[in-house]
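What follows is a set of notes on a single structure, which appears directly below.
2 protein chains.
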Amino acid sequence: MIHTTSRVLTSDLRGHIDQTVSVSGWVNALRLQRKMQFVILRDHSGMAQVTHKRDGGPLEAVLESLTPESAVRITGRVVDAAQVKLGGLELVPESVEVLNLAETPLPIDEHTGPEHRLDWRFLDVRKRETAQLVFTVQTTLEQGLREYAMEHGCTEMHTPKLMGTASESGAEVFKLGYFDRSAYLAQSPQFYKQMAVAAGIDRVFEIGPVFRAEPSFTSRHATEFTGVDVELSWIDDVEDVMAFEEQMLAHAIAKVAEVHGERIREVFGVEVAVPETPFPRITMAEAQAVLRAGGWDPEGVKEDLDPDGERRIAAHMKEQTGHEFAFITHYPASIRPFYHMRPADRPDLTLSFDLLWKGLEVTTGAQREHRSDVLLKQAEDKGMSTEPMQDYLNIFRFGCPPHGGLGAGLGRILMVMLGLDSIREAAFLFRGPNRLTP
Amino acid sequence: MIHTTSRVLTSDLRGHIDQTVSVSGWVNALRLQRKMQFVILRDHSGMAQVTHKRDGGPLEAVLESLTPESAVRITGRVVDAAQVKLGGLELVPESVEVLNLAETPLPIDEHTGPEHRLDWRFLDVRKRETAQLVFTVQTTLEQGLREYAMEHGCTEMHTPKLMGTASESGAEVFKLGYFDRSAYLAQSPQFYKQMAVAAGIDRVFEIGPVFRAEPSFTSRHATEFTGVDVELSWIDDVEDVMAFEEQMLAHAIAKVAEVHGERIREVFGVEVAVPETPFPRITMAEAQAVLRAGGWDPEGVKEDLDPDGERRIAAHMKEQTGHEFAFITHYPASIRPFYHMRPADRPDLTLSFDLLWKGLEVTTGAQREHRSDVLLKQAEDKGMSTEPMQDYLNIFRFGCPPHGGLGAGLGRILMVMLGLDSIREAAFLFRGPNRLTP
């Protein structure tokens, strides 16, 4: 079919009064009255009313056959109509092309529970403005992160997700058949971004999938999610990494606030506040002291913070500094990976941090140990077998610069920024232990 | 250690004559003479000469202990020295900090073969300016692609790489254990980007890893590579997709030419020519006729083009049109997936294309069949079982708009653009049937 008019978005109809245009979209609602037929047509820019007076003709029959969510292209005249609530205009149709008729009834509606909505995620996202906005915001957020990273010397890398050996610990890694051998899915780009640093890539930036075979069923865990990774060469200390991250986040959040702040306020009812830098910092030891003085004494969590502890310390920091973000620094070596650098005078600690935003962990980072002998000793102290890591360990033998970096979860940042209940809402298609479809 | 001077890049030393600065980098070369010690220090911006007159002091001993590729931080005075070939200046060291002493000898040198160089990829990339430049260019290329896509209404999506069922055909898919069941690695974001279209995401853009379990050992195949995917809703026909791609590529190539054209010419000896749009198009039937008239008659390749056919038809198009790019259109239905739309009057063909650049396939695209009944019939005609694809087929039941898209290989684009011999040079860490490390 040749179209003599090109597509106009519903949000642009005001500029086409008294012209004949085509709009394409979904049937958001149908009101078929005795004398009149009304279609509310929705596209990604908004909605418009299509008004047809019954005349017994073919157009009437086509409109009568429509169903909610059918995909249609409607050509008609744009008429200024002050009485129409939807933009004060209507489209008087001349032709209606049914591109894909939706079956009835739809498999989900406003009463459908969250798990069943995930089964029909495409319809759920299509019909909810909140869901649509998540991905619009995600796009701008990524642009903001990337902009900062590129302006500050990063190279965008794509490191392999297929590894010959399980990276950091065998337990949480997916294993697959790889021709006549086995491969593993990368839990993070950790080893490879360090390899890039050793390869002379001065600053590494990567956004890509990471895979965790953890049987976690919380609202903040997924088995596959989008990681934002940075690795910086020639740093003086871990402070350089934290300074980079707070500036990068402040830049990206400012961009989101500028572009979407108003719509986020309307749709999600939350304010995107641009954080001031530097973000406040507190050592893990101080955080523990504060929490324990406040009565926090969870079972089984001795050196780390549990989610309740994270929320409490974030509340404390907010009270003390007015800031939504908080770096927790100097995690004990016992709960950090072997490759985190340790202070010369405190081998029980690491030069590492987590970043909390409104009490949720959104980033882990550290200076890495780049001295081969120290690194080997730290691996041995953790009881690790160094043989499978030989390719990784080799990078420290031939002039590896001092470096450090961070890994952030894109979904977690979105979750906090938009006040989402669950990480499931921050991914297009969530993956969890019980969720591998659609 | 507290540094009283912050890092200066070797390329910026000219602005610091007679000042004391610190430079950080690798020992590119050492010349230890009887009276003088020279170090050529390399960082990602260039090189500089460090000149020290032997005095029997501790600095002399440190310089004497250096090895090629060691990572060092050198603090010293920048001296204007017209006799020094390298930038007409030298650094007279005051202190030398050995951050990571490289073992000797290095495991690779200029005589090392390509496979062994891959084993030591981090050293190979670090020491070769060509390898470094690949990733710098990749970063700009991606920025250019993304810029065009975002300015033209795309949303950046991250679709799952873990699938519950093998996507297009079971044969070339990696399978993994997923808790108490099996999962598969996505061969492409195909089904999911179509799902995003059905979810009301008007235009989808994704850069991410794709996985192919093909035992291919050519210079242009990898088991994991970076895909650039686009999917456009509400298209009139496949021409909309081709027009989008040629504009997007022209924009991105222009950006690369502008930013790196001169350096690419120096380092790779190739000219990055910005292509004119539209790119020439030729149907597969015409292409076959031209090739067969020219004596092309390969065994076993009847309806498709083999790599030789691709090179020949590209040469023909170049001769006819002067253009390096060529769209081959209307591939036979027999060699295209079931979801490619077919012309109403030619059910033996598809509304699809490949894009060749200098004779190498860099993209496959098509309009997709969005009509549920037609799609089902096409799947059945191909002898496919529709049961495992139910989640995918569901998206066509409730108002799926007409749409089409493309999938391009980022490495292949780089390969052609820079005249690389192999896709192995276009990835940081290549993955092939025999290559899962480092």
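Protein chains in written order, with our numbering: chain A, 260 to 697; chain B, 260 to 697.
All C-beta atoms in this analysis are idealised placements derived from N, C-alpha and C, irrespective of residue type, glycine included.
Remember, it's a predicted structure, so these values are computed and weren't measured experimentally.
Chain-order list of chain A residues neighbouring Val-384(B): Ala-458, Gly-459, by C-beta distance under 7 Å.
Contact annotation for Ile-654(B) against chain A: Phe-381 [CB-CB distance below 7 Å, chain order]. By alpha-carbon distance to Ile-466(A), the top candidate from Thr-477(A), Gly-459(A), Lys-452(A), His-370(A) is Lys-452(A).
In this structure, Leu-614(A) places its C-beta atom within 8 Å of the C-beta atom of Thr-622(A).
Within the model, the alpha-carbon separation for Asp-383(A) versus Glu-578(B) is close to 51 Å.
Cβ neighbours of Glu-504(A) within its own chain (closer than 8 Å, five residues either side excluded): Val-489, Leu-614, Thr-622, Gly-624, Leu-665, Ala-667. When only Cα atoms are considered, Phe-484(B) and Gln-402(B) end up about 18 Å apart. Assigned with DSSP and collapsed to three states, Leu-619(B) falls in strand. Pairing Phe-433(B) with Leu-435(A) gives a Cβ-Cβ distance under 8 Å.
Neighbours of Tyr-451(B) in chain A, taken as residues at a C-beta separation under 8 Å, are given in chain order as Phe-687, Leu-688. Within 9 Å of the CB of Met-643(A), no CB atom of chain B is found; the nearest one sits about 18 Å away.
The beta carbons of Asp-607(B) and Pro-596(B) sit no closer together than 8 Å.
Only exposed fits Ser-475(A), as fewer than 16 other CB atoms lie within 10 angstroms of its CB. Among the CB atoms of chain B, one or more fall inside 8 Å of the CB of Asp-650(A). Out of Ser-304(A), Leu-673(A), Ser-324(A), Arg-290(A), the CA that lies nearest to the CA of Phe-527(A) is found in Leu-673(A). As the crow flies, the alpha-carbon of Val-560(B) is around 19 Å from that of Lys-641(B). Residue pairing by DSSP places Val-280(A) opposite Gly-335(A) in a beta bridge.
Contacts with chain A (Cβ-Cβ distance below 7 Å) from the stretch 342 to 370 of chain B involve Leu-358, Asn-359, Ala-361, Glu-362, Leu-365, listed in chain order.
Looking at the DSSP output, Glu-639(B) sits in no beta bridge, so it has no partner there.
Against Pro-661(B), the close residues of chain A are Leu-358, in the order they occur along the chain (beta-carbon pairs closer than 7 Å).
For Val-463(A) against Ala-455(A), the beta-carbon gap comes to about 5 Å, under 8 Å, which counts as contact.
When DSSP states are grouped into helix, strand and coil, Gly-423(A) belongs to the coil group. Using a Cβ-Cβ distance cut-off of 8 Å, the stretch 345 to 353 of chain B and the stretch 302 to 311 of chain B are in contact, since at least three pairs of beta carbons, one from each stretch, lie closer than that value. Annotation for Val-500(A): the continuous alpha helix (DSSP H) segment containing it runs 497 to 527.
Residues of chain B whose Cβ lies closer than 9 Å to the Cβ of Ala-638(A) do not exist; the shortest such Cβ separation is about 17 Å. By alpha-carbon distance to Ala-685(A), the top candidate from Leu-360(A), Val-357(A), Phe-394(A) is Phe-394(A). Contact note: Thr-398(A) reaches chain B through Met-409, Cys-413, Thr-414, Glu-415, Met-416, Phe-464, using a C-beta cutoff of 9 Å and chain order. When DSSP states are grouped into helix, strand and coil, Phe-381(A) belongs to the helix group. Secondary structure within the stretch 350 to 413 of chain B: the alpha helix (DSSP H) runs of 4 or more consecutive residues, fully enclosed, are 373 to 378, 380 to 386, 388 to 410 (chain order).
Inclusion of Phe-689(A) and Ala-481(A) in the CB contact set at 8 Å is warranted, their separation being smaller than that value. For the pair Gln-626(A) and Leu-652(A), the CB atoms are not nearer than the 8 Å cut-off. C-alpha of His-575(A) to C-alpha of Met-416(B): approximately 36 Å in a straight line. Under the 8 Å criterion on CB atoms, Pro-474(A) is classed as interfacial with respect to chain B. Looking at the backbone, the Cα of Leu-377(A) and that of Arg-656(B) are separated by about 17 Å. Sequence-distant Cβ neighbours of Pro-373(B) in its own chain, meaning closer than 8 Å and more than five residues away, are Ser-681, Arg-683. Here DSSP, grouped into helix, strand and coil, assigns Asn-653(A) to helix.
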